[in-house]
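Below is one structure, written out as structure tokens; comments come after it.
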Amino acid sequence: MDRNEVLKTEIEKIGIQLDDLQVKQFLMYYELLVEWNKVMNLTAITEYKQVVEKHFVDSISLIHVLDKQYLDDNNKSMIDIGTGAGFPGIPLKIVFPNLRVTLLDSLNKRITFLNEVIKKLKLENIETIHGRAEDYARQIKYREQYDICVSRAVANLATLSEYCLPYTKEKGFFISYKSDHVDEEIENSKNAIKMLGGKIEKIEKFILPDTDIKRAIIKIKKERLTEKKYPRKAGMPSKEPLK
Numbered sequence: 012m013d014r015n016e017v018l019k020t021e022i023e024k025i026g027i028q029l030d031d032l033q034v035k036q037f038l039m040y041y042e043l044l045v046e047w048n049k050v051m052n053l054t055a056i057t058e059y060k061q062v063v064e065k066h067f068v069d070s071i072s073l074i075h076v077l078d079k080q081y082l083d084d085n086n087k088s089m090i091d092i093g094t095g096a097g098f099p100g101i102p103l104k105i106v107f108p109n110l111r112v113t114l115l116d117s118l119n120k121r122i123t124f125l126n127e128v129i130k131k132l133k134l135e136n137i138e139t140i141h142g143r144a145e146d147y148a149r150q151i152k153y154r155e156q157y158d159i160c161v162s163r164a165v166a167n168l169a170t171l172s173e174y175c176l177p178y179t180k181e182k183g184f185f186i187s188y189k190s191d192h193v194d195e196e197i198e199n200s201k202n203a204i205k206m207l208g209g210k211i212e213k214i215e216k217f218i219l220p221d222t223d224i225k226r227a228i229i230k231i232k233k234e235r236l237t238e239k240k241y242p243r244k245a246g247m248p249s250k251e252p253l254k
């Protein structure tokens, strides 16, 4: 199979059919990822089929917990916290072009890469911001402005919730991508999530198609506004997670 067919086939396994433009955008994204990865650390995975399975399909697995119509039809806004090389934000933007997307990362050279991807793929209604999640969450422009906050970043769920729930609108959702060994972590974070105004609504466990990678996606609903004292100052959420 050529690259187009590999991409279409793998993404169809989770119920998404790509049009020609989306295929072209994903292929261009892959080429930019590999090219830029030679000079900066974006991903340890560079083989094409593995990138499709472990980055592209994984990113789009959000549809296990959020309805496709919800993502595509209503001009929803989404922020990706600690986006890194653009996962899950850019694959979700390609598949659901109506999403208004903000990508946040603390490393400026990653932001430079993401801006190049956005330009080359001709993506619209998508912005990047460089900085720490704790700082932007205090700004009126970003605080509690997003229908969806996503993060595939590697951090404790209590820490991630303090980063992400302040960005999430009331009645919106924070979606955390995790490995499946997450039960204890979830249990230990429930009180922190409640303190921040959230409640776990769904935990979906699955195996990524054609891999042995077990995943869990945690859907947290924002039930009330987050107290102004959260997030705490930069560094605190990771050093001393809420209990």
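All residue numbers for the sequence shown refer to our numbering, where the first residue is 12 and numbers rise by one. Heads up, the beta-carbon is just placed ideally off N, CA and C, and yes, glycines get one too. Quick caveat, the model's predicted, so the values are computed rather than measured.
What's the gap between the Cα of residue i and the Cα of residue j?
i: Y153; j: N109; result: 19 Å
i: T179; j: K120; result: 26 Å
i: L29; j: K60; result: 16 Å
i: N52; j: I101; result: 18 Å
i: L118; j: G95; result: 8 Å
i: A164; j: L171; result: 8 Å
i: F185; j: D31; result: 31 Å
Mind checking which residues open and close the alpha helix (DSSP H) that includes residue i?
i: I101; result: 100 to 106
i: T20; result: 14 to 23
i: Y81; result: 79 to 84
i: F124; result: 119 to 132
i: M51; result: Here M51 belongs to no alpha helix (DSSP H), and DSSP marks it neither H nor E.
Looking at C-alpha atoms only, which residue of the options is the closest neighbour of residue i?
i: P248; options: G183, I231, P177; result: P177
i: K239; options: N202, D83, N126, E173; result: E173
i: L207; options: S162, K216, K254; result: K254
i: E155; options: N136, E195, K65, C175; result: C175
Over the uninterrupted beta strand (DSSP E) stretch that includes residue i, give me the two end residues.
i: V2; result: The chain is shown from 12 up to 254; residue 2 falls before or after that span and cannot be answered.
i: L115; result: 111 to 116
i: D4; result: Here the chain has residues from 12 to 254 only, and residue 4 is not among them.
Check residue i in the structure and name its three-state DSSP category.
i: A245; result: coil
i: A169; result: helix
i: K60; result: helix
i: E138; result: strand
i: E145; result: helix
Any contact between the region 67 to 85 and the region 43 to 50? By contact I mean 3 or more CB pairs, one from each, below 8 Å. The region 67 to 85 and the region 43 to 50 do not touch, with fewer than 3 CB-CB distances between them shorter than 8 Å.
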